[in-house]
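Asks: Got a structure for you, questions after.
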Amino acid sequence: MKKIIILFVVIALSSCKEQIKDYVSIQGKITNSSDEALTILGENFQKSITINSDGTFQDTLKVIEGGFHGLTIGSIKSFIYVKNGYDLELNFDKKKFPNSVNFNGNGSGTNNYLFEKVKYINNGKLSDPKWFTGLKKAEFDEKIASISKDLDALLVGAKDLDPEVLKSEQENNIKFIEFFNTGYKRESEMSNVIKKGTPSPKFNYPNTEGENISLDDLKGKYVYVDVWATWCGPCIREIPSLKELNKEYSGKALAIVSLSIDDVANKDKWLKMVADKDLQGIQIMADKAWDSDFIKAYNITGIPRFILIDKEGNILDANAPRPSNPRLKEVLNGLSL
């Protein structure tokens, strides 16, 4: 009798083990889409799933390592959290992605939470690392406290959350808030350095002839600085307007300085472009590209960037209009040139 009971238990346990899937089942429906397939990508893993003419799809995949995977449908690039054993149903309207996304089945709790967080971040425009620009300290503190509360509420309200995701999200929420606190402090300190009316950070860099030109050399003139590079497409597109500006304000109390942040190793490429495109005005090259003192002092993280400095070397506009912007001439014509 004992042997029969033991055999029964062994068979029962074996049956349980057989029921645990070592793959992911995924199905669903995508509306308002003409795409023929959706693709799921992981590290050393890729699976294309056919989308039927009515928008439905169904397939299985055996992931190498569970966790975040890329999810691509046409022009949409997003993510999905999958592990072997999940049985997911994914439905959404492509025209309303990601707001229409809804998951059902095993693994849905984790994915629904993650997409709710994405929606919260998008709707609050928090994906812009400088969303807080212009907020006073009290306003920022109130906003950041509200964000922290909302993120905690999302996490607490999540159902059937994967334990690994729960732990990770608890840490990520703390880091998210710390990131903005640090960013606000840094931006506040920087805004005092590059505030209108304060002395501009200095530059002193060589021109095409190897002669150093400094901001101090240009005192008595307004200085319009164009920060650019030979590899920057938007910078190149400003060249015709910049040439026109040089021609129109020639002989007036305006120095137009084009400051290249090309790597010094590419000096010949810079010199060639200056010659080939017959670039006008004062052409100089920074000494350490993005790490040059003038670039760091103005906290320049993207180019082209234009800066307007007054006759005494004080900042008029740390983010002046581009040459192609008609507003620039309105600004310049309002100065005593």
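The C-terminal residue of the sequence shown carries number 1548 in the working numbering, and the numbering is unbroken.
Ideal placement from N, C-alpha and C gives every residue a C-beta, glycine not left out.
Nearest CA to the CA of E1426: which residue from V1436, T1419 and E1420?
Replies: It is Leu, not Glu, that sits at residue 1426 in the sequence shown. Ranking V1436, T1419 and E1420 by Cα distance to L1426 puts V1436 first.
Asks: Quick one: grab the DSSP three-state call for R1533.
Replies: In the structure shown, R1533 sits in coil (DSSP, three-state: anything other than H, G, I, E or B).
Asks: Could you work out which residue in L1539, E1541 and Y1297 is closest to L1372 when comparing CA atoms only?
Replies: Closest option to L1372, Cα to Cα, is Y1297.
Asks: Taking the alpha-carbon positions, what's the Y1416 to K1483 distance?
Replies: For Y1416 and K1483, the distance between alpha carbons rounds to 18 angstroms.
Asks: Using 8 angstroms as the Cβ pair cut-off and three pairs as the minimum, do the stretch 1266-1273 and the stretch 1231-1244 touch?
Replies: Yes, they touch.
Asks: Is I1385 buried or exposed, if buried means 16 or more other CB atoms sit within 10 Å of its CB?
Replies: With fewer than 16 other Cβ atoms within 10 Å, it is exposed.
Asks: How many angstroms separate the CA atom of I1222 from the CA atom of K1232?
Replies: Residue confidence is low: I1222 scores 36 on pLDDT, short of 50, so the model does not pin down where it sits. No coordinate-derived value is stated.
Asks: Tell me whether V1367 sits in a helix, a strand or coil according to DSSP, three-state version.
Replies: The answer is helix: DSSP assigns V1367 an H, G or I state.
Asks: Could you check if Q1381 is buried or exposed, using at least 16 other CB atoms within 10 Å of its CB as the buried criterion?
Replies: Q1381 comes out exposed.
Asks: For my contact list, L1429 and A1466 are in at a C-beta cut-off of 8 angstroms; report their separation, rounded to the angstrom.
Replies: Right, the Cβ-Cβ distance comes to about 5 angstroms (below 8 angstroms), so this counts as a contact.
Asks: Taking contact to mean 3 or more Cβ pairs, one atom from each stretch, closer than 8 angstroms, check whether the stretch 1251-1259 and the stretch 1313-1329 are in contact.
Replies: Short answer: they don't touch.
Asks: Figure out for me which residue from I1284, S1259 and Y1324 has the closest Cα to the Cα of L1377.
Replies: With distances taken between Cα atoms, L1377 lies closest to Y1324.
Asks: Leaving out five residues on either side along the sequence, give the residues of the same chain with a beta carbon under 6 angstroms from the beta carbon of T1267.
Replies: Excluding positions up to five away in sequence, the list reads K1240.
Asks: Going along the chain, which residues of its own chain have a beta-carbon closer than 7 angstroms to the beta-carbon of V1434, five neighbours each way excluded?
Replies: L1426, A1466, V1468 and I1520, listed in sequence order.
Asks: What is the DSSP secondary structure of I1284, counted as helix, strand or coil?
Replies: If DSSP states are grouped into helix, strand and coil, I1284 belongs with the strands.
Asks: Flag this pair as yes or no: are the beta carbons of V1293 and G1277 separated by less than 8 angstroms?
Replies: Taking 8 angstroms as the Cβ cut-off, V1293 and G1277 qualify as a contacting pair.
Asks: Among the residues of its own chain, which have a CB less than 7 angstroms from the CB of L1546, if the five just before and after it don't count?
Replies: Y1433, listed in sequence order.
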